[in-house]
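**Q**
In UniProt numbering, the protein residues as written are 1 to 70.
1. DSSP on residue 57, reduced to helix/strand/coil?
2. Can you name, in chain order, every residue of its own chain whose Cβ lies under 7 Å from the Cβ of residue 1, other than the five neighbours on each side?
3. For the beta strand (DSSP E) containing residue 12, list its first residue and its last residue.
4. For residue 72, which residues in the same chain have their Cβ closer than 8 Å to its Cβ, ignoring the five residues on either side in sequence?
5. Since residue 13 and residue 47 are thought to touch, with beta carbons under 8 Å apart, how far apart are those beta carbons, to the nearest angstrom?
Set out below in structure tokens:
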């Protein structure tokens, strides 16, 4: 049985950074949504979480480690 619960794979402090990473991940076939986008993007206080299905987490982490610096 697949686990499709969404889990965080990365946090970002800006809407721009989160959107760039989301677009790159979606271009590679990941299902990726932003959590706290409206609140975090407006205030800059709350981190924006990039969420992926749990069954994509390991592959998503490997992709981010290879393509994006912290």
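All residues carry an ideal CB built from backbone N, CA and C; glycine is no exception. If you're wondering where the values come from, they're calculated on a predicted model, not measured in any experiment.
**A** On the basis of the coordinates in this document:
1. For the purposes of this step, residue 57 is identified with residue 57 of the chain shown, where counting begins at 1. Residue state, collapsed to three classes: helix.
2. The residue given as residue 1 occupies position 1 in the chain shown. Residue placement at residue 1 cannot be trusted, given a pLDDT of 39 that sits under 50; the coordinates are not used to answer.
3. Stepping through the chain shown from its first residue, residue 12 is reached at position 12. Element bounds for residue 12: 6-12.
4. Outside the shown range of the chain, which is 1 to 70, sits residue 72, and nothing can be said about it.
5. Position 13 of the chain shown, counting from 1, holds the residue named residue 13. Position 47 of the chain shown, counting from 1, holds the residue named residue 47. Yes, residue 13 and residue 47 are in contact; Cβ-Cβ is about 6 Å, under 8 Å.
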